[in-house]
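Following numbering that gives the first Met the number 0, the residues of the sequence shown are numbered contiguously, the last one being 182.
For glycine and all other residues, C-beta sits at the position ideal for the given N, C-alpha and C.
Take a look at the structure below.
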Amino acid sequence: MKVKFLGSFFGEFPPPDYPEVVFVGRSNVGKSSLLNMVAGSKVARVSKDPGRTRAVNYFLLDNKVYLVDVPGYGYAKVKKEEVKGWKDMMEKYFMERKDNIKMAFLLVDSVVGMQPLDEQMIEWFEYYGIPYTLVLTKIDKATQRDIAKTLNQAKRFVGDSAVILSSAKENRGKKELLSRIFD
Ligand SMILES: Nc1nc2c(ncn2[C@@H]2O[C@H](COP(=O)(O)OP(=O)(O)OP(=O)(O)O)[C@@H](O)[C@H]2O)c(=O)[nH]1
Ligand SMILES: [Mg+2]
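This is the structure:
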């Protein structure tokens, strides 16, 4: 698989020449890591410090589809103005790209479970008419009990539609993610 970094965008996004798939979720949930797993190369920056991804980063996968890495939300230590900055940028992103976004992966840490901001994100997707799939991350760290609990929470929002279980560390869930992306 071929992947190319196209750049970091704060306002003007690349022309909608290809359909796009976006990775959304709390800070530190593993968005950049999962994107790297899917792309099969370490193109997106990963960090232990939450808030690593600041801009909207575009990657082109196989000359067919944009993979988009966006900043996370919910990091306790950010200032009010930064939260506002995040919200303005994400609103602009969803507003401008809603027709081009064919799928949003909403990542939820399988140990932490779903948080109010994740639920708010689902409301945004529904408002903008963006199809989304829930993805549990870091299942290598979770117990069966954690996973069952998070899946149960997820059911309230997505009913019986499939939830993808993933681990960037153990390379799990890649096939399922790729089949969603190229569908
Ligand atoms: N055990 C384990 N750790 C993971 C996994 N995926 C990511 N991590 C770790 O979690 C931390 C955050 O990963 P990132 O991929 O940078 O998370 P992010 O969601 O992009 O974070 P922001 O850009 O800050 O919003 C890093 O220390 C990763 O190594 C996983 O599947 N298993
Ligand atoms: Mg990131």
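Distance, residue j Cα to residue i Cα
i	j	result
Arg-171	Ser-109	13 Å
Leu-33	Arg-53	17 Å
Ser-40	Lys-3	10 Å
Thr-142	Lys-148	10 Å
Trp-85	Arg-144	33 Å
Val-162	Lys-79	33 Å
Asp-117	Lys-30	14 Å
Ser-165	Lys-140	11 Å
Glu-81	Glu-122	21 Å
Ser-26	Ile-146	20 Å
Inter-residue CB distance, residue i and residue j (contact presumed, cutoff 8 Å)
i	j	result
Glu-19	Val-64	7 Å
Phe-22	Leu-150	Not a contact, Cβ separation roughly 20 Å.
Thr-132	Val-28	About 14 Å; that fails the 8 Å criterion.
Ile-129	Phe-93	7 Å
Phe-8	Tyr-57	6 Å
Ala-153	Met-113	6 Å
Arg-96	Phe-12	6 Å
Met-36	Lys-173	6 Å
Gln-55	Val-67	Per the sequence presented here, residue 55 reads as Val, with Gln not at that position. Rounded, the Cβ-Cβ distance is 6 Å, consistent with contact.
Sheet register partners of residue i (DSSP bridge)
i	result
Lys-3	Leu-59
Leu-164	Leu-135
Arg-171	Ser-166
Val-23	Leu-105
Phe-8	Val-55
Check: Of all the alpha helix (DSSP H) runs that stay within the bounds of the region 62-120, which reach a length of 4 or more residues?
Finding: Qualifying alpha helix (DSSP H) stretches, in chain order: 79-96.
Check: What are the complete alpha helix (DSSP H) segments, minimum 4 residues, inside the region 129-161?
Finding: Runs found: 143-157.
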